[in-house]
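Visitor: Sequence positions in the sequence shown follow our numbering and run 61 to 191.
Think of the CB as a built atom: it goes at the ideal place given N, C-alpha and C, for glycine as much as any other residue.
Right, I'll just put the structure down here and ask away after.
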Amino acid sequence: MSTRENWISCKNCNGLGKKSQGVSKRKLSRYESAVAQSKKNENFITPNKPKSSMQICTICSGTGLITTNERPSSNEKKYPHVAIVGAGIGGIAFALACLHRQIPFTLFELTLFQTPLFFLHHALYHIYNRQ
């Protein structure tokens, strides 16, 4: 029996794919010396504080998602429940993004005719909402 592979957001980078590396000592010392110089000389412009550089998350390789064998469950305490109206390409993509990030959602669709898109929506709905 094959195991099912699911995706959830990376806990290390909170699903962003990047982590703050912090300000380097060299940047910080240059900033401090520039501030000291600006205090001595009134014509010198006060420098902006340096920003921390970002690095790619090593756990998720910059994707923001990691694989797991467990089915993703929604975190209703952390996120509000989202209503997605329309199960077109955009609605399905948004529903999958919510599923990966453990955001609770309900997908609404009004289909008068059973088109191939309806069958795709029906299949995806049952794949990701097994109980």
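Is the shortest distance between the beta-carbon of K137 and the beta-carbons of chain B less than 8 Å?
Guide: Protein chains in the displayed structure number just one, and chain B is not present.
Visitor: Apart from the five residues just before and just after S80, which ones in its own chain have a Cβ nearer than 7 Å to its Cβ?
Guide: Taking C-beta separations shorter than 7 Å and ignoring five residues to either side along the sequence, the partners of S80 in its chain run S112 and M114, following chain order.
Visitor: For A147, which residues in the same chain have their Cβ closer than 7 Å to its Cβ, ignoring the five residues on either side in sequence?
Guide: L167, E169 and H181
Visitor: Considering Cα atoms alone, identify which of I119, E65 and K85 is closest to N74.
Guide: Comparing alpha carbon positions, the residue from I119, E65 and K85 closest to N74 is I119.
Visitor: For the candidate residues I187, L159, A157 and L125, whose alpha-carbon lies nearest to that of G77?
Guide: L125
Visitor: Cutting at 7 Å between CB atoms, please list the residues of its own chain near G82, excluding the five before and the five after it.
Guide: S112
Visitor: With a threshold of 7 Å on Cβ separation, who are the neighbours of A143 within its own chain once the five nearest residues in sequence on each side are excluded?
Guide: T166 and F168
Visitor: With respect to the alpha helix (DSSP H) encompassing A153, which residues constitute its N-terminal and C-terminal limits?
Guide: I149 to H160
Visitor: Short of 7 Å in beta carbon distance, which residues of its chain neighbour Q191, apart from the five on each side in sequence? Order them along the chain.
Guide: Reliability fails at Q191, whose pLDDT of 47 lies under 50, so the model's placement of it is uncertain and the value that follows must be treated cautiously. Cβ neighbours of Q191 beyond the five flanking positions: none.
Visitor: Would you call the CB atoms of N72 and P132 closer than 8 Å?
Guide: no
Visitor: Candidates K137, I187, E130 and T127: which alpha carbon is nearest A155's?
Guide: I187
Visitor: State the DSSP-derived secondary structure class of A183, mapped to helix, strand or coil.
Guide: helix
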